[in-house]
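Q: Quick one: the structure is below, questions incoming.
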Amino acid sequence: MFHVKRRRTLKRHRELPRLPDDVVELILERLPVKSLLRFRSVSKNLKSAIDSPRFQERQQLIHTSRGGPDVLFVSTNVYDDDGRLVKRDDDGRRFVFGSSCAYTVHVPTNWGGTSVCHSTCDGLLCLYSIYNPSVCVLMNPATRWLRTFPISNIQNLLLHRLTKNTPTPKLGFGKDKLTGAYKPVFLTNSSGFGLDNVTTCEVFDFTTQLWRYVHPASPFTTNPHTDPVYLDGSLYWLTDCKEEPKVLSFDLHTETFHVICDAPFAHVLDLCSVTICILDNRLCVSKKDWPTQDIWSFQYSNKTWKKMCSIDLTQTFSWLGEPEWSLEPIAILEKHKLLLQGRDYRGAFFILDLLTNSYHLLFKPSYSPTSLCYSQSLFSA
Numbered sequence: 078m079f080h081v082k083r084r085r086t087l088k089r090h091r092e093l094p095r096l097p098d099d100v101v102e103l104i105l106e107r108l109p110v111k112s113l114l115r116f117r118s119v120s121k122n123l124k125s126a127i128d129s130p131r132f133q134e135r136q137q138l139i140h141t142s143r144g145g146p147d148v149l150f151v152s153t154n155v156y157d158d159d160g161r162l163v164k165r166d167d168d169g170r171r172f173v174f175g176s177s178c179a180y181t182v183h184v185p186t187n188w189g190g191t192s193v194c195h196s197t198c199d200g201l202l203c204l205y206s207i208y209n210p211s212v213c214v215l216m217n218p219a220t221r222w223l224r225t226f227p228i229s230n231i232q233n234l235l236l237h238r239l240t241k242n243t244p245t246p247k248l249g250f251g252k253d254k255l256t257g258a259y260k261p262v263f264l265t266n267s268s269g270f271g272l273d274n275v276t277t278c279e280v281f282d283f284t285t286q287l288w289r290y291v292h293p294a295s296p297f298t299t300n301p302h303t304d305p306v307y308l309d310g311s312l313y314w315l316t317d318c319k320e321e322p323k324v325l326s327f328d329l330h331t332e333t334f335h336v337i338c339d340a341p342f343a344h345v346l347d348l349c350s351v352t353i354c355i356l357d358n359r360l361c362v363s364k365k366d367w368p369t370q371d372i373w374s375f376q377y378s379n380k381t382w383k384k385m386c387s388i389d390l391t392q393t394f395s396w397l398g399e400p401e402w403s404l405e406p407i408a409i410l411e412k413h414k415l416l417l418q419g420r421d422y423r424g425a426f427f428i429l430d431l432l433t434n435s436y437h438l439l440f441k442p443s444y445s446p447t448s449l450c451y452s453q454s455l456f457s458a
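With this note's numbering applied, the sequence shown covers 78 to 458.
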């Protein structure tokens, strides 16, 4: 009797209708990355579907349209002067803001002096070093996929000429929106290297696995204390013109530089007092002038600046003192909560509520991590 019932059960299971492939994909697209990684091992068909660029693009589009961005606190290994690994205690932090999360990701690098590229794209981030002849790394924190690529000519030159006053170039990273090619970019001021040109620009090609120079490079030197940011197919820098700072763009498809506008401030006596960032998918700049720091967002329709908010630095004095650097705006969460980070050593993280104009301390790290506005994805390069 048992065998008869079992045969009937198996027969009913075999007769269950099979969902069409396109319906299965529509269901899968709504799942988080962690679940999709498990489904990849179920069958070859599912793996093929999940690994397709079309599926990955739709999956990320759906998840980014559902709510606000996440924030990554990226921590890397820290070594003391004797080369010993310093124990960290920042790895377990996680904060929830509506549909957004802010959490720590630890990247166990095996070299000191690791820098994290501030410009992220499609859930990918870059790590590099200007102090050690190590490789650069492109990685996806959600899938743990990574790919190494060689250091640039500028990095190689810097290793042999590093002094206190040598400029330290900041890596930019973004995507050519027409071809889909990811491109790491180094733009550095040439004067610190004794070169004749104003700036030197290198772009890495993942197809050829080679760095190549871009000619002409930027006609303006850039602020060495700010990192480039990525938005909609272009990288952006602040120039180091103290009288009339400008915003410089680099189109990742045409590989050409353009000055898009003047900054909304002038007479910058201290280059550490200004910064550039992306907030709510808008290009923004900020300037600290104690006891306040103002943030402006760029209006593409008429190419003007609109003041977003003014930060009262006396409200954060107990957490940060009088900061030497401008505060770093990280992300707008729940539409009105601005996450900021002190850029000084062990700078505190805090929230400015743009509706109530109130300030709330989030935490003080033992070692200041790099904070990135981020969206999980399945992408690789």
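By construction, the Cβ of each residue, glycine as well, lies at the ideal position given by its N, Cα and C atoms.
(1) Which residue or residues does DSSP assign as beta-bridge partners of N217?
(2) Can you confirm whether K441, when its beta carbon is compared against all beta carbons of chain C, has any partner nearer than 8 Å?
(3) In whole angstroms, what is the alpha-carbon distance linking G419 and P400?
(4) Give the straight-line distance between the Cα atoms of K82 and S120, rounded to the nearest whole angstrom.
(5) Quick check: what's the CA-CA separation for S395 versus L410?
(6) Rounded to a whole number of angstroms, what is the C-alpha to C-alpha distance between A425 and D98?
(7) In or out: E405 buried (at least 16 other Cβ within 10 Å) or exposed?
(8) Below 8 Å, how does it come out for the region 277-287 and the region 296-305: are there three or more Cβ pairs, yes or no?
(9) What does N266 pair with, by DSSP beta-bridge criteria?
(10) Cα separation between F440 and F427?
(11) By DSSP, does V100 sit in helix, in strand, or in coil?
(12) Taking Cβ positions, are A294 and L356 nearer each other than 8 Å?
(13) Any chance you could list the beta strand (DSSP E) runs of at least 3 consecutive residues sitting entirely within the region 273-354, in chain order?
(14) Work out the CA separation of L149 and Y205 for me, nearest whole Å.
(15) Beta-carbon within less than 8 Å of G190's beta-carbon, same chain only, minus the 5 sequence neighbours each way: which residues are those?
(16) Would the beta-carbon of G251 fall within 8 Å of that of L264?
(17) Span of the beta strand (DSSP E) holding W373?
(18) By the three-class DSSP mapping on this structure, what secondary structure does I228 have?
(19) Measure the CB-CB distance between Y451 and T393 and report whether it falls below 8 Å.
(20) Can you tell me where the beta strand (DSSP E) holding P442 begins and where it ends?
(21) Can you give me the C-alpha to C-alpha distance between F375 and A343, rounded to a whole angstrom?
(22) By Cβ distance below 8 Å, which residues in the same chain neighbour F79 in space, the five residues on each side in sequence not counted?
(23) Can you tell me which of K260, Y290 and P261 puts its alpha carbon nearest to the alpha carbon of N540?
(24) Does the distance from the C-beta atom of D389 to that of P368 stay below 8 Å?
(25) Return the bridge partner residues of L449 from the DSSP annotation.
(26) What does E405 pair with, by DSSP beta-bridge criteria?
(27) Have a look at E134 and D253 and give me their C-alpha separation to the nearest angstrom.
(28) Taking C-beta to C-beta, are D147 and C178 nearer than 8 Å?
(29) What's the C-alpha gap between T225 and M216?
(30) For H335, collect the residues of the same chain with a Cβ closer than 6 Å to its Cβ; drop the 5 residues on either side in sequence, then sort them by chain order.
(31) For L183, which option in G175, L202, F116 and C349 has the closest C-alpha, if you only look at C-alpha atoms?
(32) Determine the extent of the beta strand (DSSP E) in which H183 is found, giving its start and end residues.
(33) Taking all protein chains shown into account, decide if T391 is buried (16 or more other Cβ within 10 angstroms of its Cβ) or exposed.
(34) Rounded to whole angstroms, what's the CA-CA distance from R359 to T153? Just pull it up for me.
(35) Would you kindly check if the distance between the Cβ of L455 and the Cβ of T141 is under 8 Å?
(36) By how many angstroms is the C-alpha of L138 removed from the C-alpha of L432?
A: Taking the definition as stated:
(1) The partner list for N217 (beta bridge, DSSP) reads W222.
(2) In the structure shown, chain C cannot be found, because there is only a single protein chain.
(3) 7 Å
(4) With a pLDDT of 49 at K82, under the threshold of 50, the predicted position of this residue should be treated as unreliable, though the coordinate-derived value follows. Spanning the two alpha carbons is a distance of roughly 29 Å.
(5) 24 Å
(6) 49 Å
(7) Per the 10 Å Cβ criterion, buried.
(8) no
(9) T276
(10) One C-alpha to the other measures close to 7 Å.
(11) The answer is helix: DSSP assigns V100 an H, G or I state.
(12) no
(13) 276-282, 287-290, 306-308, 311-315, 323-328 and 333-339
(14) 17 Å
(15) S206, I207, Y208 and N209
(16) no
(17) T369 to Q376
(18) coil
(19) no
(20) Taken as a continuous stretch (DSSP letters only), P442 belongs to no beta strand (DSSP E), as it is neither H nor E.
(21) Each residue's alpha carbon lies about 16 Å from the other.
(22) Low local confidence applies: a pLDDT of 42 at F79 is under 50, so the model's placement there is unreliable, with the coordinate-based value given in what follows. For F79, where only same-chain residues beyond five positions count, there are no Cβ hits under 8 Å.
(23) The structure shown does not extend to residue 540, since the chain is modelled only from 78 through 458, so no value can be given for it.
(24) yes
(25) L149
(26) Q418
(27) 15 Å
(28) yes
(29) 8 Å
(30) S326
(31) For clarity, residue 183 is His in the given sequence; the question names Leu instead. It is L202 whose Cα lies nearest to the Cα of H183.
(32) S177 to V184
(33) exposed
(34) Distance between R359 and T153, taken at the CA atoms: about 28 Å.
(35) no
(36) 29 Å
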